[in-house]
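As structure tokens, the structure follows; a few thoughts come after it.
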Amino acid sequence: MRTKVPFEEIETRMERFRQKMKISDPKWQVAVILSKVNLYYFTGTMQEGMLIIPRDEAAVFWVRRSFERALDESLFRDIRPMNSFRDAQEMFEKGKLPKIVHMETETVPLALYQRFQRYFPFEEVKAVDSYISSVRSVKSKYELSLMEISGEIHRKVLEERIPGMLREGMSEAELATQLFSVLMEEGYQGITRFGMFDTEIMLGHIGFGESSIYPSYFNGPGGNYGLGAAVPVFGSRERKLQKGDLVFIDIGCGVEGYHTDKTMTYMFGRALNQDAIEQHKRCVEIQNEIARRLKPGEIPSEIFSTIMGKLSDDFLANFMGYGKRKVKFLGHGIGLVVDELPVIAKGFDEPIQEDMVFAIEPKKGIEGIGMVGIENTFQVTSNGGRCITGDSLGLIPVY
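Remember, the numbering used here sits 1014 above the position in the sequence shown when you count from 1.
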């Protein structure tokens, strides 16, 4: 059964966006939204079209395909059919087109903008991406309720069901295929979205042993062999599970568009050596220390600097990656896409707000073993981060 984004939710999002624009760019004139994720956020449907938000008039959602589905799914006030951009010109009287338009410069292709500009010849384009990201970063009760459902699916599948699925001789691809089926059975939405340009991913990283530290273009600490050069994601058909392997599973989950992120590790057949276990425990301690600081008013860049400043040179080797391939963050915002803002990293100096949600993921690569560490999703509260994806410490023994 399909659910609809509540009318009050849509209205509140639009009002928060207008307030953000008023504060950040008091002279803004009009914003145009074209990307499907942001269209869903503001209208409650993910149809092909264009949302025009004038400064002093009601917004209009112009839909190319499917207008009928948009009417069926969305409670947005004003939805109109559009065969081409020409149809939407009626919003502006002749000769009264604003000079400046705010658009999603991170996601709108140049060719699409050029087609748009034939009918809307604005003189200047400004980026609206950061303003939308700021509004989306603070979650409503409605959004949090969906993320909690996703988090419970995540917890149940990775902490309870995966151990019974692991068997000697299975390939990474086999496990990934079975994992997808189990997630769907539990209520997963079937797709994990990223905002990062040109990023394709199926579930996430599923790696046995050294596969989990194999180089990857993906901007995360872990890796895997993937299916090959043309599809460097999913899991390998060739790498088979052996006794003594570390199993690394870093996957997203989602319900009604809203994601959680979680990483669990497993020791298959026998325990890892004690040094690897201790390195993993240190990652768990780092996660918990960051979580305690996820309170309103804390500064992401300060959390990052404080944590990194405490780590020894030995531990920093291969921390948050392996070899030269390391990431420069300890966690990231999450919501309609996995990689939202803000980020626990240098340069993010705006205070954290209550009901932001972060995925915290301290991990460390170990030669000959793979990627140890952990990841969970936390809601920002006055008492620190509240985990919504489970409390397992990872390195679950399966033997």
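Note that beta-carbon positions come from the ideal geometry of N, C-alpha and C, so glycine has one too. Note that the structure is a prediction, hence the values are computed from the model and not measured.
For residue i, which beta-bridge partners are listed by DSSP?
i: residue 1218; result: 1265
i: residue 1075; result: 1065, 1093
i: residue 1373; result: 1346, 1391
i: residue 1354; result: 1347
i: residue 1279; result: 1262
i: residue 978; result: Here the chain covers residues 1015 to 1413 and nothing more, so residue 978 does not appear.
i: residue 1335; result: 1340
i: residue 1401; result: 1392
i: residue 1411; result: 1281
i: residue 1274; result: 1267
i: residue 1019; result: Note: residue 1019 sits in no beta bridge, so no partner.
i: residue 1141; result: 1117
i: residue 1136; result: Paired residue(s): none; residue 1136 is not in a bridge.
i: residue 1248; result: 1219
i: residue 1047; result: 1065
i: residue 1254; result: 1185
i: residue 1420; result: Because residue 1420 is not part of the residues shown, which for the chain are 1015 to 1413, the question remains open.
Can you check which of these residues, the options, is closest to residue i by C-alpha distance?
i: residue 1239; options: 1218, 1350, 1258, 1256; result: 1218
i: residue 1096; options: 1194, 1081, 1086; result: 1081
i: residue 1260; options: 1192, 1177, 1395; result: 1177
i: residue 1432; options: 1215, 1119, 1064, 1383; result: What is shown of the chain runs 1015 to 1413, which leaves residue 1432 out entirely.
i: residue 1203; options: 1309, 1271, 1151; result: 1271
i: residue 1370; options: 1102, 1197, 1323, 1313; result: 1313
i: residue 1409; options: 1402, 1398, 1383; result: 1383
i: residue 1309; options: 1397, 1388, 1378; result: 1397
i: residue 1291; options: 1378, 1319, 1043; result: 1378
i: residue 1411; options: 1284, 1257, 1050, 1123; result: 1284
i: residue 1198; options: 1210, 1211, 1167; result: 1167
i: residue 1121; options: 1181, 1052, 1057; result: 1052
i: residue 1209; options: 1047, 1348, 1293; result: 1348
i: residue 1255; options: 1213, 1207, 1183; result: 1183
i: residue 1017; options: 1089, 1079, 1029; result: 1089
i: residue 1151; options: 1406, 1381, 1373; result: 1373
i: residue 1158; options: 1251, 1376, 1381, 1368; result: 1368
i: residue 1164; options: 1128, 1413, 1390, 1406; result: 1390
i: residue 1206; options: 1257, 1375, 1276; result: 1276
i: residue 1332; options: 1311, 1174, 1387; result: 1387
i: residue 1160; options: 1019, 1406, 1123; result: 1019
i: residue 1251; options: 1220, 1258, 1257; result: 1220
i: residue 1339; options: 1287, 1230, 1406, 1413; result: 1230
i: residue 1407; options: 1294, 1123, 1106, 1041; result: 1294
i: residue 1047; options: 1112, 1130, 1212, 1106; result: 1130
i: residue 1257; options: 1098, 1021, 1413, 1040; result: 1413
Among the residues of its own chain, which have a CB less than 7 Å from the CB of residue i, if the five just before and after it don't count?
i: residue 1400; result: 1392, 1393
i: residue 1253; result: 1185, 1186, 1222, 1225, 1239
i: residue 1093; result: 1075, 1077, 1084, 1085
i: residue 1038; result: 1145
i: residue 1361; result: 1315
i: residue 1142; result: 1045, 1116, 1117, 1118
i: residue 1169; result: 1403, 1404
i: residue 1341; result: 1233, 1234, 1235, 1334, 1335
i: residue 1091; result: 1072
i: residue 1042; result: 1035, 1069, 1116
I'd like to check one pair, residue j with residue i: are the Cβ atoms closer than 8 Å?
i: residue 1034; j: residue 1145; result: yes
i: residue 1201; j: residue 1269; result: yes
i: residue 1232; j: residue 1215; result: yes
i: residue 1263; j: residue 1281; result: no
i: residue 1350; j: residue 1055; result: yes
i: residue 1149; j: residue 1027; result: yes
i: residue 1242; j: residue 1228; result: no
i: residue 1306; j: residue 1329; result: no
i: residue 1114; j: residue 1153; result: no
i: residue 1321; j: residue 1299; result: no
i: residue 1156; j: residue 1023; result: yes
i: residue 1180; j: residue 1249; result: no
i: residue 1311; j: residue 1366; result: yes
i: residue 1079; j: residue 1104; result: no
i: residue 1066; j: residue 1102; result: yes
i: residue 1058; j: residue 1087; result: yes
i: residue 1288; j: residue 1376; result: no
Give every residue of the same chain whose Cβ lies closer than 6 Å to the Cβ of residue i, excluding the five residues on either side of it in the sequence, and list them in chain order.
i: residue 1395; result: none
i: residue 1326; result: none
i: residue 1247; result: 1215, 1216, 1240
i: residue 1273; result: 1266, 1348, 1352
i: residue 1050; result: 1060
i: residue 1136; result: 1115
i: residue 1030; result: 1149
i: residue 1112; result: 1043, 1044
Would you say residue i touches the ligand MG, meaning its beta carbon is less than 7 Å from a heavy atom?
i: residue 1191; result: This structure does not include the ligand MG; it has no bound ligands of any sort.
Excluding sequence positions up to five away, which residues of its chain have a Cβ less than 8 Å from the Cβ of residue i?
i: residue 1319; result: 1360
* alpha helix (DSSP H) runs wholly inside the region 1170-1241, at least 4 long, in chain order -> If only uninterrupted alpha helix (DSSP H) runs of at least 4 residues are considered, those enclosed by the region 1170-1241 are 1176-1179, 1186-1200.
* To do: Enumerate, from N- to C-terminal direction, the unbroken alpha helix (DSSP H) stretches of 4 or more residues contained entirely within the region 1283-1318.
  => The region 1283-1318 contains these whole alpha helix (DSSP H) runs: 1288-1306.
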